[in-house]
Structure formats: C-alpha cells, structure tokens
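Peer 1: Take this structure, written in structure tokens, and hold onto it; I'll ask about it next.
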Amino acid sequence: MEYWTIFYQSLFSVIVLFLLTKIMGYRQVSQFSMFDYVNSITIGSIAAEMAIDLDGEYIRIMFAMFVYAAFVIVLSKLSQKSISIRRLINGKAITLYQNGSIYNENLRKAKMDLDEFLGECRIAGYFDLSQIESAILEQNGKISFLPVTEDRPATPKDLGITPEQEEVFANVIIDGKVLEYNLKHVGRDRNWLDQKLAGQNIKKIEDVFLAICDRQGNFHVYPKINHTVDKDILG
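Quick note: the sequence shown, position 42, residue 44 per the working numbering, numbers continuous.
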C-alpha cells in the first residue's frame, strides 16, 4: 500500500512541478541567476519530499511549493519594473578585462582565478588577450567578449557583397552509423555517400566518427582517431 501511495504522490508532484515550471517561465539553466538557481533547487527538493511523504502532509508540502513559486513570480514582476530590485536579485555585470588590463580585484569578486578566466577566453576562441577589447561577466555567469576592431571578422556587409544564405548541415554519419533519414533529407542516397567516402580514401563507414552534408552537396567527414594527444602547453 505504501508503494502505491508513493507512486501516485510522485506522479502528482511531477505534475505540480511541471505546471509551476510552465508558470515561472521557459528560461534555461544557463540563463538562471543565482537566485533562480537556488529557488529551483528548493522547489525541486520540496517536490521530492512530497513524493515520499507517508504522513498525509503532502497538502502542506504542495502549499509550500506554491508559496516558493509565487515568491519567484512576484520578484520577477518587481524586477521588471525596478532597476534597483533587479540588481539586488540578479547582481550586476562585472568587467574582468578591458583595453589590455586584467582587473584582478574583479576576478576575485567574481570568485574566478586567472587560469579559469584564460580558459573561458580560449573556449570563446581567443588564445591571445590582445585580440580582446573587453571581457564582461554577465549576471547569468557567462562571459561576453568584445573583440578588438582590427581583429573582428569581416562581414559580407563590410566587403559589399551579398552571399547566398547558408543552410544547416545535417549529420549523415555519427560514430560509424549512417542516418538514413538525414541522408534522404539532404537529397542524397547511399551510393552518393559511398562515392564521397571513397574519394577521401575511407573504405569502411565504421571508420567515420562524423560526416555532415547540406542540400548543396557540401560534404565534410571526420574519421575516427584512436590515439590521444598527450601534449599540454596550457597548464
């Protein structure tokens, strides 16, 4: 009997949690402020407690979930109308680097060390700090980079040209397996794929880690590499 109680209470808590999530909004975890993150964990913990409660207190637990959700919604509405409340809840952006200067006190304030900052720069494609004009830590924990104007990639508009619109590449092989539906989606067949692989001296599909193609026939293949790269020059 206890297992059935846990079952329907778990199902009910999932439904309530789903409805509350829909009400509170569609923001992704990567977009959460610290306040959003803590509240989400708290509401999830309350829902988990509700699922295994055998003392008949699940109505009170559900009420607590609604109180937390209502509190988040009210603060969200207030933060939309007040800059002070918004900054109190979400914090402010922090400048970590600007015009050739690393602000070590701001790094400390952001609880970030120099190695972590350099790693974030490399992830964003900047292996040379001289290519960066500004690096700003946003309220959601992500770093925004403004490149130096001379190093900014030229756009077709800069060059006065109008290229054709590119299309999304479809994955036609993943980990040695042909995705027939995707291959058909780009208007190609297995014979065409075999010819393309043969043209790049690949004899077995099992040797392909990834192959992508678009409707124009642009094709890229990445064979499996079964050895590791041990050199580390970034430590």
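Heads up, the beta-carbon is just placed ideally off N, CA and C, and yes, glycines get one too.
Since this is a predicted model, take the numbers as computed values, not measurements.
Give me, in chain order, the residues of the same chain whose beta-carbon lies closer than 7 Å to that of residue 128; leave out the 5 immediate sequence neighbours on both sides.
Peer 2: As a working mapping, residue 128 is identified with position 126 in the sequence shown. If we look at residue 128 and ignore the five residues flanking it on each side, its Cβ neighbours are 134, 147.
Peer 1: Report the rounded CA-to-CA distance for residue 207 versus residue 178, giving the unit in angstroms.
Peer 2: Taking the first residue of the sequence shown as position 1, residue 207 is located at position 205. Taking the first residue of the sequence shown as position 1, residue 178 is located at position 176. Whole-angstrom Cα-Cα distance: 5 Å.
Peer 1: From residue 31 to residue 90, what distance separates their C-alpha atoms?
Peer 2: In the sequence shown, residue 31 corresponds to position 29, counting from 1. In the sequence shown, residue 90 corresponds to position 88, counting from 1. Confidence in residue 31 is poor, its pLDDT being 47 and thus under 50, which makes the residue's placement unreliable; the coordinate value appears in the next sentence. Cα-Cα distance, rounded: 20 Å.
Peer 1: Just verifying my parser: in three-state terms, what is the DSSP assignment at residue 128?
Peer 2: Sequence index remark: in the sequence shown, residue 128 carries index 126 (1-based). Coil at residue 128, not helix or strand.
Peer 1: Are the stretch 137 to 147 and the stretch 110 to 127 touching by the rule of at least three beta carbon pairs closer than 8 Å?
Peer 2: Yes, they touch.
Peer 1: Report yes or no: do three or more beta-carbon pairs, one from the stretch 183 to 192 and one from the stretch 149 to 164, lie closer than 8 Å?
Peer 2: They do not touch, by the three-pair rule.
Peer 1: To which residues does DSSP link residue 179 through a beta bridge?
Peer 2: In the sequence shown, counting from the first residue as 1, residue 179 sits at position 177. Paired residues: 176.
Peer 1: Go ahead and pull the three-state DSSP assignment for residue 137.
Peer 2: The residue labelled residue 137 in the question sits at position 135 within the sequence shown. Residue 137: strand per DSSP, three-state reduction.
Peer 1: Considering only C-alpha positions, which residue in the set 198, 101, 97, 80 is nearest to residue 112?
Peer 2: By 1-based counting over the sequence shown, the position of residue 112 is 110. When only C-alpha atoms are compared, the closest one is 97.
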